[in-house]
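Residues 3 to 652 (the working numbering) make up the sequence shown, in order. Every residue, glycine too, gets a C-beta built ideally from N, C-alpha and C. A short worksheet on the structure shown next.
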Amino acid sequence: MATSSTRQPPSRYAIAAWLVMLVGAVAAYLPGLGGPFLFDDFAVLGKLGKYGGVVDWDSFKAFLFGGTAGPTGRPVALLSFLIDGTTWPTAVEPFKRTNLVIHLLTGSVLAVVIHQILRLLGRDARQAWLLAVVAAGCWLLHPFLVSTTLYVVQRMAQLATLFVLAGIAGHLYGRSLADTHRTRGYVVMTLSMGVFTVLATLSKENGALLPVLVGVLEITVLTASRLPALDRRWSALFLVAPALLIGAFLAYKALAHGFFNVLAPRDFSVYERLLTQPRVLSEYLGNWFLPRIYTTGVFQDHVIASRGLLLPPATVLHLVLHVAAIAAAVVLRRRYAMASVAVLFFYAGHLVESTTLNLEMYFEHRNYLPAAFLFLPLVAGLYDNLRLPLFLAIMSVFLLVLGGFSRYSADVWSDYSSIVEASAHKAPTSTRAQAEYAKVLFNANRFEEALAVIDAAISRHADVRPQLVMTRVIMLCKLSVLDDAELRQATAGLSGVIYDRRLIGIYEEFVLAVVNGDCPNTGLDSVRDVFVAMLEYPLNAETDSVRFSQIQYFMGLADSRNDNVPRAVEQFHLSLSAAPSVSAALNIAAILASAQHFSASLIFIEKARELEQMGVQRAEGARVYGASDIDELEKTIIDSMNAASAVEAP
């Protein structure tokens, strides 16, 4: 029986070895701690300065419970950001240092969990701690996790993983207690499951998988151990019921909007996503077992969706391989418990983010938790089949290689330009990586190289990629070589694709470039025609969609600067009707006022006031505007109108 022996503390040698691992991880990550904030960092952390900083109880509550990153708002993760900064803009180093500390702490908890598993499987304490240190060290130093640790906002994934592993450690501890102290053991298991599931889920929603992952341990490691079976009533309440709820939720998400329907802002259906994920999972495993010095990093749109079982042909092959791996792990779970838990834990850890939710196809941070035990069977197998000195030599070299790769990757992460360049080389089919790399080159006055990159990227895709098209158009505009004919030719394909509302920034940049005179050979009528053509695509013409709202907004922006005020007002009204918000109405009022269309501007001041009184406070993620904000902008517009009238009067 496994009782107190499963809780034996590590020897001083194991502690010393783990300290070496921690120091090695710090040394590997050190270059990346001064790297930049990126993408979602600005959306999440920018809210620190939303009310002039988190300086009192009201601003604290507004930040903590104002999260929009997921259904829960992820308040535990948001709370952790206040350790590093309470206003915006702010220094990046404290945030990345805390992420690294969480990474080290998570690795330490993982080592404890692996030790518990090995003891339950009959390993003696010395072996268990040695293998735990080595296996957890492989996870800690692996370069595939660098992007999770150095991308500040991915602290959400880190904390969810930390709390899930802590919950597993608590469960295994309670299981060992229950053998001799039943009541105490079940109290520990219940508290571990309840407290850590809540903390993990409020850090990131896949933390809700804790009961499922504990269930994986129960049917593998704990079935193979000598511990008595888990109480069926407790198991039904705390393991089976949550698993069924998660399964029902994922099934609902698969069917709610049509299994075969393409759902914006993606260009694939749930069916196509499910077909593609086996290929994605294979790529994850390839990056794990064959470590790279750098991966695709933060640009993860390089995966081409599978449109059928044989489109591409590799789809069915990967699907069969993963189904076979899962089936083998289930069937052989008693005989090969260590390998089975590694396999099933990996797939179970991907249940939320790699199945039916309408998320991006691929993200490296999704492996932060599922990969926890992947190296454990290999490490244990080497230990069992090699002499100890040879085992230690091989694992020392392997850990040094992992640390060296992570050090290189962290060095890339120290500078935005190097992140973009490395990602562009690693992911030639990534629209975002290629567009961003072209922009980096263009901003460095390497114009020919920038256009060559964007042209090559466009040629790689048979379908139209709006981000690439508009990046090229903006470059030609800024080089003063874009004319109406070139614009029509370049954007002709946009009428045949769904509008991606995430590209609002690039479309706005284009319109404003023409407005500001950066495109002397391009007229605003031609700009407007680009957006008119987009409405030919049926989904873009749905009058209650954000897509329709943004397209109408750009048409109104072009008309307002082209002095076609009645038509601009009409377009802006259509935009607001599709996606009403106080912030949007005030933005439109400011645009019209800046073009000296004061009377039209005041129409939208009244619209903003009407929306504010109705409680339509804001668009998602936008600042909340109250009556005083509306009055202040109205006064500014009236003062500007009076000043303009005074100038015209003489």
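Simplified DSSP state of residue i, which is helix, strand or coil
i, result
"S356", "coil"
"N644", "helix"
"G37", "coil"
"G310", "strand"
"E622", "Because the pLDDT at E622 is just 49, under 50, the model does not fix this residue reliably, and the value given afterwards should be weighed accordingly. DSSP places E622 in coil when its eight states are reduced to three."
"S583", "coil"
"S416", "coil"
"N542", "helix"
"S425", "helix"
"I208", "Per the sequence shown, residue 208 should be read as Asn rather than Ile. Helix."
"V264", "strand"
"S271", "strand"
"D633", "helix"
"N447", "coil"
"N523", "strand"
"D42", "helix"
"H320", "helix"
"W90", "coil"
"Y53", "coil"
"I653", "There is no way to answer for residue 653, as the model of the chain reaches only from 3 to 652."
"V216", "helix"
"D60", "helix"
"M616", "helix"
"H367", "helix"
Close Cβ partners of residue i (< 8 Å) along its chain, the five nearest in sequence each way excluded
i, result
"P522", "S482"
"M363", "F270, R275, T278, Q279, V282, Q302, D303, V305 and A307"
"W236", "Y188, M191 and T192"
"I632", "V584, L588, I607, A610, R611 and E614"
"T545", "L576, S579 and A580"
"P77", "L66, F67, G69 and L204"
"E355", "N208, L361, F365 and R368"
"T433", "D303, A459, H463, R467, Q469 and L470"
Own chain residues within Cβ distance below 7 Å of residue i, not counting five before or after
i, result
"A587", "L578, F606, K609, A610 and L613"
"A316", "R281"
"D531", "none"
"P12", "W131"
"L81", "L66"
"T150", "Q156, A159, Q160, E366, H367 and Y370"
"S497", "A535, M536, E538 and Y539"
"P96", "D86 and G87"
"L179", "R186, G187 and V190"
Endpoints, the alpha helix (DSSP H) within which residue i is located
i, result
"H575", "V567 to A580"
"F97", "E95 to L122"
"M23", "R14 to Y31"
"P598", "Note that residue 598 is Gln in the sequence shown here, rather than Pro. No alpha helix (DSSP H) contains Q598, which DSSP labels as neither H nor E."
"F556", "V548 to R563"
"R128", "A127 to L143"
"S342", "A339 to G351"
"S227", "Careful: S227 lies outside any alpha helix (DSSP H) and carries neither H nor E."
"T150", "V148 to L152"
"Y188", "R184 to T203"
"M158", "R157 to A180"
"R235", "R234 to S237"
"Y509", "I506 to V517"
"E488", "D486 to T493"
"A258", "Where A258 is concerned, there is no enclosing alpha helix (DSSP H), given that its DSSP letter is neither H nor E."
"L470", "P468 to K480"
"A79", "P77 to F83"
Whole-angstrom C-beta distance between residue j and residue i, which should lie under 8 Å
i, j, result
"W90", "A16", "That pair is no contact at about 43 Å."
"S581", "S551", "Reading the sequence as shown, one finds Ala at residue 581 and not Ser. Indeed, because the Cβ distance is near 4 Å, the residues count as touching under 8 Å."
"L142", "A18", "Their Cβ separation, rounded to whole angstroms, is 16 Å, which puts L142 and A18 out of contact at 8 Å."
"A137", "V381", "5 Å"
"G2", "W415", "Past the boundaries of the shown model lies residue 2; the chain is included only from 3 to 652, so the question cannot be answered."
"A331", "F375", "Not quite, the Cβ-Cβ distance comes to about 12 Å (not below 8 Å), so this is no contact."
"A446", "A30", "Actually they do not touch by this definition, with Cβ atoms about 29 Å apart."
"L201", "F240", "Actually they do not touch by this definition, with Cβ atoms about 16 Å apart."
"L378", "I116", "6 Å"
"L84", "V103", "Actually they do not touch by this definition, with Cβ atoms about 15 Å apart."
"Y439", "V422", "5 Å"
"V513", "L484", "Not confirmed; about 13 Å, so no contact."
"L212", "F198", "6 Å"
Contact set for residue i: own chain, Cβ-Cβ below 6 Å, skip 5 residues either direction
i, result
"D565", "none"
"V264", "S271"
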